[in-house]
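Protein chains in written order, with the numbering used here: chain A, 1 to 144; chain B, 145 to 469. Working notes, structure below.
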């Protein structure tokens, strides 16, 4: 069977999630590989979410927030950028390809850009192939 | 005058003062090359203090363990805590102060300009089974090791701990009194990290898969770290449980990425995690990679300035947008 990547996208409530909504209402086509998770701000993202998604079997992770200077909470996306740019470099050092974890800035009016970002991320992950750090011993489903 | 003698003199003076509750320093251990940390309270005990290349521990760890460590038995209401710090230990102190982990006015810092400490694992491999107390001195680029009555000299490079070979700040950044000759701090070139970065991504993944698979998750690296002092640690939490209890590469990867990342912009290169690791996992490689990137991306170095804001408590609008679509 052809490899179809699974992408987990964390979208901020105020910009990127609204951007994704606009992409939908504007009928922009983008790959169906993405699973979105709405968070209130990109700075809500704990680095453990990203590695956790990869361990759980996601082939790629996208974190998307408001453009710098446009954060609903004034500086949340700046804080997120500091942490996540650094995390991306650490994962790369551990041998996890930087294309598996991307960040983007998508505003609420950029439905077209959202579709482009998803296309680009999906194609990059498709080229990488299946995630090689997925959990092997899954003897317990996490308590929900 | 050697460091031990000046240290004892300072300790006698400091411990006879009314505003000092106790002094944390090093004393001769019970066997072999062991040196153990000690807490002194009276000036008569000052003779127990020593300082040599065997004093590997970072004593600042005790400051954040007031309720469970050796300080728990002390009456700290009497006054300040005097503490002996090497260059690297003083940087841990600078981070603690920057984060309000401890108040400066509770401390009396005795800085020692340390020429370097030995790597105990290498030393014990070289002198296996040493039972009687050994002594080590560092003079003119060589270690003079006295063990079982005989003195051997070994070039410093062979036994010096890795953190000391690359150390650029031997002089403590914070001190109230200083032992030894201060020198100017130099900038770290991170040549060791650059060498690892030059390898391919595939090589790095298989290297870390092998290294991290060996981890037995004893948590010694976290416990010994002077800057891992949260009373509620995410590595222990069950809700949310980011790290499952299985000991395999995947969970160990999550453990070590979390541990290293919580030290991003905070690790001060004291090498304690690597020293206590029973599996000899090169943990400092992760910490130093982060330190290098933090310097490159944000022009920030941990433990240089106790007045600087912590890395992740601040931002600059012009921070790099690396890899952001």
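Each residue gets a CB set at the ideal place from its N, CA and C atoms; glycine is no exception.
Practice task
Counting only the same chain and skipping the five closest in sequence on each side, list residues whose C-beta sits under 6 Å from that of residue 449(B).
Solution key: none
Handout entry: For residue 30(A), the nearest candidate out of 10(A), 62(A) and 122(A) (CA to CA)
Key = Checking every option, the nearest Cα to that of residue 30(A) belongs to 122(A).
Exercise for the section: Report the three-state DSSP secondary structure of residue 106(A) (helix, strand or coil). Expected result: coil
Problem - Distance, residue 232(B) Cα to residue 251(B) Cα - result: 17 Å
Problem - Neighbour list for residue 60(A) in chain B, Cβ cutoff strictly below 8 Å - result: Correct list: empty, because the minimum Cβ distance to chain B is about 12 Å.
Handout entry: Strand pairing of residue 295(B), partner residues [DSSP]
Key = 290(B)
Practice task
List the endpoints of the continuous beta strand (DSSP E) containing residue 334(B).
Solution key: No beta strand (DSSP E) holds residue 334(B); DSSP gives it neither H nor E.
Practice task
Quick one: residues in its chain with C-beta nearer than 7 Å to the C-beta of residue 378(B), no 5 flanking neighbours on either side, listed in chain order?
Solution key: Cβ-Cβ distances below 7 Å link residue 378(B) to 386 and 402 in the same chain, with the five nearest sequence neighbours on each side left out; the list follows chain order.
Practice task
Check whether the Cβ of residue 408(B) lies closer than 8 Å to any Cβ atom in chain A.
Solution key: yes
Practice task
Establish whether the CB of residue 428(B) and some CB of chain A are separated by less than 8 Å.
Solution key: no
Practice task
List the endpoints of the continuous beta strand (DSSP E) containing residue 166(B).
Solution key: Element bounds for residue 166(B): 164 to 172.
Exercise for the section: Could you list the residues in the segment 290 to 324 of chain B with a C-beta less than 7 Å from some C-beta on chain A, going in chain order? Expected result: Listed in sequence order: no entries.
Practice task
Report yes if the CB atom of residue 463(B) is closer than 8 Å to the CB atom of residue 88(A), and no otherwise.
Solution key: It is not a contact, given that the beta carbons lie outside the stated cut-off.
Problem - Alpha-carbon spacing of residue 408(B) relative to residue 295(B), whole angstroms - result: 42 Å
Exercise for the section: Check each candidate in 468(B), 322(B), 236(B) and 272(B) and name the one with the smallest Cα separation from residue 201(B). Expected result: Checking every option, the nearest Cα to that of residue 201(B) belongs to 236(B).
Handout entry: Closest by C-alpha distance to residue 222(B), when choosing among 164(B), 215(B) and 180(B)
Key = 164(B)
Practice task
For residue 394(B), count neighbouring C-beta atoms within 10 Å of its own C-beta (all shown protein chains included) and say buried if the count is 16 or more, exposed if not.
Solution key: buried
Practice task
Give the interface partners of residue 469(B) over in chain A, defined as CB-CB distance under 9 Å, in chain order.
Solution key: Per Cβ cutoff of 9 Å: 62, 64, 102, 103, 104, 105, 106, 113, 116, 117, 120 and 121.
Practice task
Could you tell me how far apart the beta carbons of residue 429(B) and residue 340(B) are, in whole angstroms, since I believe they sit closer than 8 Å?
Solution key: About 6 Å separates the beta carbon of residue 429(B) from that of residue 340(B), a gap short enough to meet the 8 Å contact definition.
Problem - 8 Å Cβ cut-off: residues of chain B touching residue 147(A) - result: Given that chain A is displayed from residue 1 to residue 144, the structure contains no residue 147(A) and the question cannot be resolved.
Handout entry: Coil, strand or helix - residue 347(B) by DSSP
Key = helix
Problem - Sufficient close CB pairs (3 or more, under 8 Å) joining the segment 311 to 323 of chain B to the segment 246 to 261 of chain B - result: Segment contact: the segment 311 to 323 of chain B against the segment 246 to 261 of chain B, three or more CB-CB distances shorter than 8 Å; contact assigned.
Handout entry: Residues in the segment 349 to 361 of chain B having any Cβ partner in chain A nearer than 9 Å
Key = Residues are counted here when their Cβ sits less than 9 Å from a Cβ of chain A; for the segment 349 to 361 of chain B these are 349, 350, 351, 352, 353 and 356, given in chain order.
Problem - Residue closest to residue 272(B), alpha-carbon to alpha-carbon, out of 375(B), 175(B) and 361(B) - result: Closest option to residue 272(B), judged by alpha-carbon separation, among 375(B), 175(B) and 361(B): 175(B).
Problem - Cβ pair residue 196(B), residue 269(B) closer than 8 Å - result: no
Exercise for the section: Measuring only between beta-carbons, confirm whether residue 67(A) sits less than 8 Å from chain B. Expected result: no
Practice task
List the residues of chain A whose Cβ lies closer than 8 Å to the Cβ of residue 115(B), in chain order.
Solution key: Missing from the structure shown is residue 115(B); chain B here goes from 145 to 469 and no further.
Problem - C-beta neighbour in chain A for residue 392(B), strict 8 Å - result: yes
Handout entry: Length of the line joining the Cα atoms of residue 265(B) and residue 60(A)
Key = 41 Å
Problem - Opening and closing residue of the alpha helix (DSSP H) in which residue 282(B) lies - result: That residue, residue 282(B), is in no alpha helix (DSSP H); its beta strand (DSSP E) goes 279 to 283.
Exercise for the section: Examine chain A for any beta-carbon lying closer than 8 Å to the beta-carbon of residue 463(B), and answer yes or no. Expected result: For residue 463(B), the answer is yes, since a Cβ of chain A falls inside 8 Å of its Cβ.
Exercise for the section: Return the first residue and the last residue of the alpha helix (DSSP H) that residue 24(A) is part of. Expected result: 16 to 25
Practice task
Identify the contact partners of residue 401(B) in chain E, using a Cβ-Cβ distance below 9 Å as the criterion.
Solution key: No chain E appears in this structure, whose protein chains are A and B.
Exercise for the section: Kindly indicate the opening and closing residues of the alpha helix (DSSP H) around residue 130(A). Expected result: Per DSSP, residue 130(A) belongs to no alpha helix (DSSP H) and is neither H nor E.
Practice task
Please check if any C-beta of chain A sits within less than 8 Å of the C-beta of residue 453(B).
Solution key: no
Exercise for the section: Flag residue 82(A) as yes if its beta-carbon sits less than 8 Å from any beta-carbon of chain B, otherwise no. Expected result: yes
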